[in-house]
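Going down the list, the sequences are from chains Y and F.
For any residue, its number in the numbering used here is found by taking its place in the first sequence, counting from 1, and adding 23.
For any residue, its number in the numbering used here is found by taking its place in the second sequence, counting from 1, and adding 23.
Built from N, CA and C at the ideal position, the CB exists for glycine as well.
These numbers come from a predicted model, not from an experiment.
Protein chains: 2
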Amino acid sequence: MSETCTTTLRLKNLGINTYKDAILYIRKDCNVCAAEGFEVQTRVRVNFKGRSLITTVQIIESDLLTYEEASLSTYAWSYLQAQEGEDLFIFHHKQLASLGFVRSKLYGHTLSQNEINEIIKDISKSRFSDINLSMFLAGCVGGRLNGEEIFYLTNAMLQSGSRLHWGSQVVVDKHCVGGLPGNRTTLIVIPIVAAFGLMIPKTSSRAITSPAGTADVMEVFAPVELDLKSMRRVVEKENGCIIWGGTVSLSPVDDVLISIERIMDLDSEGQMVASVLSKKIAAGSTNILIDIPLGPTAKVRSISMANLVKAHMEAISRKFGIETKVILSDGTQPIGQGIGPALEARDVLAVLSCDKNAPQDLREKALLLAGEIIEFSPTIQKGEGVKIAHHILESGQALQKFQNICLVQGGFSEIPKAHHTHEITAVSSGIVSNIDNRRLARLAKLTGAPHVKVAGLEILVKLDHFVERHQPLIILHANSLEQINYALSYYEIESDMIKITEMISR
Amino acid sequence: MSETCTTTLRLKNLGINTYKDAILYIRKDCNVCAAEGFEVQTRVRVNFKGRSLITTVQIIESDLLTYEEASLSTYAWSYLQAQEGEDLFIFHHKQLASLGFVRSKLYGHTLSQNEINEIIKDISKSRFSDINLSMFLAGCVGGRLNGEEIFYLTNAMLQSGSRLHWGSQVVVDKHCVGGLPGNRTTLIVIPIVAAFGLMIPKTSSRAITSPAGTADVMEVFAPVELDLKSMRRVVEKENGCIIWGGTVSLSPVDDVLISIERIMDLDSEGQMVASVLSKKIAAGSTNILIDIPLGPTAKVRSISMANLVKAHMEAISRKFGIETKVILSDGTQPIGQGIGPALEARDVLAVLSCDKNAPQDLREKALLLAGEIIEFSPTIQKGEGVKIAHHILESGQALQKFQNICLVQGGFSEIPKAHHTHEITAVSSGIVSNIDNRRLARLAKLTGAPHVKVAGLEILVKLDHFVERHQPLIILHANSLEQINYALSYYEIESDMIKITEMISR
């Protein structure tokens, strides 16, 4: 691709974090602006020592920069490994062909494998702006990708990252489609399955907009930022691991797309299927269990959407020679008691330790999922899996395995506690008639989760429970009273996040 | 809408121009970030002295700000009329209901008048981020708005701005759907129609991504930034005016949407119809002539798209009691010789002065359009309009009227000339078989247009012309040799923007 190099500007780091949007900051009176009609929103290519990136121009109208200087957003800066005082080369760039395919999708056309490959390649090379990404996602949403296109997308995403190979015929994995706070079954399922003897190398995500991701919870116990070599060492020794997926670069395009989807609270079923499967196939899995929690405030909100996702997942997996089992679960309320890294870790440890006060819903769900995965083993009959899972949990093997995994990952830590707690009580008595996962997640974030590991909340009631007036509903945990107050001021205007309906007979 | 006020930060102006994207810049260690989980991409509401705006958080990771300070992008700064050193109030904000409607549209649902009103209201109050806007536009594109929805959208856009009323029963207007460089008929049509005696209060746009908008060309002759009162004075005295629409705030939402559409080179026919009609109806027009140039590098590229736009325009106009006539014209090449404000002004003046060397295509098209508009007059027979237009032009009345309009708008200036010109010649002889409007526009921008009024280019050939080797094709105009060279380096890699096909018989 021939492009005209126009000029160089001297790099100065302003340190502006725009997430993944690559921005070039220049002055209006710098030579490229004046001469070439570069202006706000122009897309230009920049080069630094052999690395190249397409950026969006924003104009500095103050003395932050001189007319000979340029800056980059932190993402672009680290992508290019830029250095202060060095020259940045600035180029005109030709319109990306892939944007034509995005346009074509928006106009209702079907995309070919090559066209989807081009789009994903450009996204993986950070050539799409946030606006370009939004348009692509909008083109995928609402059933606009057919089965073939979802397969192409899975394939393209798979090829955009690295791919793991294990020396085992059966490599199992699990994934939850998400949206349910506290749903931390992974930390229970992995040790059970690994103790049983199946290989389960699990990569998890950190929270993006939620109060805790599985990787954040695991990090309460043990390091999770392992490279591929260390991951391999853990899995070879213990059959399983629970690490952060960010360091091993499987399907890197996914993170970029998710960051935009979350902003719009959009879930494209095609994008979801391609995203999950590409990550799991890249991780070397042969058998995958997918959990789709279903509920009005979960990620998947209708049975028709759930069934569509299930059908696509199963069909596309078969094309890749992978077995995928999809189960639909109750997504009407959080699982377990805690929301926030340390509080969820506490629930996990209670279940693994067979503590009588452990949340039963978390325990039962983890056993069910572990049982289904164990049945991927060719020697296990249908219905036997859950019994085996029970036995491994109750005999203490699961706890032992979990501690071993933690130790090999780098250490097994105690769960820390918050400095402050605050009880929220019921203002009237009645029946818990609705629990809003999304607003509870937001409340937990206001206490400081996931950045503050000990922050979050405990939910003391479940749907259909009867509560008395003044009975505690939620305990907030935070490291400062200020944070407790932030959360409380949000709770005040959203106090029906746990809805209590008075009973007429009273 | 109750929202929790969280904290205040002291304002510091960093002067970062992000076009219309409202950005709040804060430090990661400022109290709102740490305490409330505000992070990059979080949408928060800010208040300054009674004015309120929803902004997107970006994080400053350097010492540009202290942890007690905040900054705003230049758009947000001027919207709020912010002042350095004063306190900015920062609030949590509830998710906009209108984003739910955008989502619903993306999932294929039909929107009601109320839902579209909510979306347009939120856009007009700058509550949508660029990502939100992209999603909305993506939902409108590719025939996803039905006739009812386009009517609702027109209605909503109409109500978002001010609306003019004139003391005349017939108020005419013209609009060109655009995409054609040099197509500056407006400056010829308005004086002809005004001299005929019809009221034609014309508001025009400045260039957004093109090398010249009608307002930019008019500004070569006379001031165009007139307020409503001055506009009224011009129209009452001369029957017509040609001013920049930006100062009179008709359909303000439109500019915001167009800025995103241009980035993706997207044209939603529904959005286009609503945008044009809402502006014209807001301007008080009773009879509107719409010109749709049709060609592979024009804005409308297919006859089916053109007919769809035509049908919608006519049907929706009728619902508002307005008569709209749509004509399709040749959009396969630029009109006139000049591209760039001063060079287009020169073409216009040549036509108005009945100069023998005036571009005949511009003259003929302007006469045709003027004739069609004159026939909106109830006393004029079909076919008579163009004859009247001819007479008004040739008798010198049009030139006189144009000069009068300029004088009442604030003065009639001479057309300035560029310091440097450079001829581009044909590398081989043959037939001009293709002219690319888009790349010619880009080339003109590289010389400095529209910011440098005298910059731009002249095209010396038309489609199907025979050219000899070394015959001049283009003359570049610029104020510096550097700018000539920028344009030339672009021309070198895109030299088939004027395609010359050798003839086989030779």
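ask   = Between F:F489 and F:I458, is the Cβ-Cβ spacing less than 8 Å?
value = no
- Task: Indicate whether F:A421 and F:I397 have their beta-carbon atoms separated by less than 8 Å.
- Result: no
Requested in this report: Please state if the CB of Y:C264 and the CB of Y:V257 are separated by a distance shorter than 8 Å.
Outcome: yes
> Taking only runs of the beta strand (DSSP E) that begin and end inside the stretch 58-98 of chain F, which ones reach a length of at least 3 residues, in chain order?
Replying inline: 66-71, 74-83, 92-95
DSSP has Y:G481 in a bridge; who is on the other side?
Residue identity differs from the one stated: residue 481 of chain Y is Glu in this sequence, not Gly. DSSP output for Y:E481 lists Y:G361, Y:I498 as bridge partner(s).
| request: Note the first and the last residue of the continuous beta strand (DSSP E) segment covering F:D314. | output: 310-317
**Asked** So, Y:D378 versus Y:I358, is the Cβ gap smaller than 8 Å?
**Response** no
Practice prompt. Whole angstroms is fine: what's the gap from Y:D239's alpha carbon to Y:P246's?
Written response: 10 Å
For the alpha helix (DSSP H) that F:E107 lies in, which residues bound it at each end? From DSSP, F:E107 is part of no alpha helix (DSSP H); its letter is neither H nor E.
In three-state DSSP terms, what is Y:N36? coil
Identify every run of the alpha helix (DSSP H) within the stretch 245-321 of chain F, keeping only runs that are complete inside it and at least 4 residues long; order them along the chain.
251-261, 276-287, 292-305
query: Helix, strand or coil for Y:R207 per DSSP?
result: coil
Query raised in the report: With 16 other CB atoms within 10 Å as the buried threshold, where does F:E107 fall?
Result: exposed
Name the chain F residues whose beta carbon is nearer than 7 Å to that of Y:N457? Correct list: empty, because the minimum Cβ distance to chain F is about 18 Å.
*Is F:T402 helix, strand or coil when you go by DSSP?*
coil
Inspect the beta-carbon positions of F:S96 and F:I46 and report whether they are closer than 8 Å. yes
Buried or exposed (CB count within 10 angstroms, at least 16 for buried), Y:K388:
buried
Q: Could you tell me the distance, in whole angstroms, from the CA atom of Y:M24 to the CA atom of Y:A120?
A: Model confidence at Y:M24 stands at a pLDDT of 34, short of 50, so the residue's coordinates are unreliable and nothing is read from them.
CA-CA distance, F:F159 and Y:Q426? 49 Å
> Exposed or buried, which one is F:D153 when buried takes at least 16 other CB atoms within 10 Å?
Replying inline: buried
Who are the neighbours of Y:M158 on chain F, taking C-beta pairs under 7 Å?
S157, A161, M287
C-alpha distance - F:E337 paired with F:H198, whole-angstrom precision: 14 Å
inquiry  = Short of 8 Å in beta carbon distance, which residues of its chain neighbour Y:E481, apart from the five on each side in sequence? Order them along the chain.
reply    = Q360, G361, I362, L366, I497, I498, H500
**Q.** CA-to-CA distance, F:S147 to Y:I139, given in whole angstroms
**A.** 35 Å
* Measure the CB-CB distance between F:L466 and F:M520 and report whether it falls below 8 Å. => yes
Notebook entry, point to check: Just how far apart, CA to CA, sit F:N137 and F:P275?
Noted result: 19 Å
contact_flag[the stretch 216-224 of chain F, the stretch 184-201 of chain F] where n(CB pairs < 8 Å) is 3 or more:
yes
List the endpoints of the continuous beta strand (DSSP E) containing F:Y48.
46-50
Next on the checklist: For a cutoff of 8 Å on Cβ pairs, would you count Y:N40 as touching chain F?
Outcome noted: yes
Item to complete: Please confirm if F:H115 has its CB atom under 8 Å from at least one CB of chain Y.
Response: yes
Measuring CA to CA, which of Y:K468, Y:V349, Y:G269 is closest to Y:L391? Y:V349
Could you tell me which residues DSSP puts in a beta bridge with Y:D353?
Y:L317
Handout entry: Residue span of the beta strand (DSSP E) that contains F:N457, given as start and end
Key = 453-458
Q) Are the C-beta of F:V63 and some C-beta of chain Y separated by less than 8 Å? A) yes
Can you give me the Cβ contacts of F:S85 inside the same chain, cut-off strictly under 6 Å, excluding the 5 residues immediately before and after it? none
Less than 8 Å between CB atoms is the rule here; does F:L95 satisfy it with respect to chain Y? no
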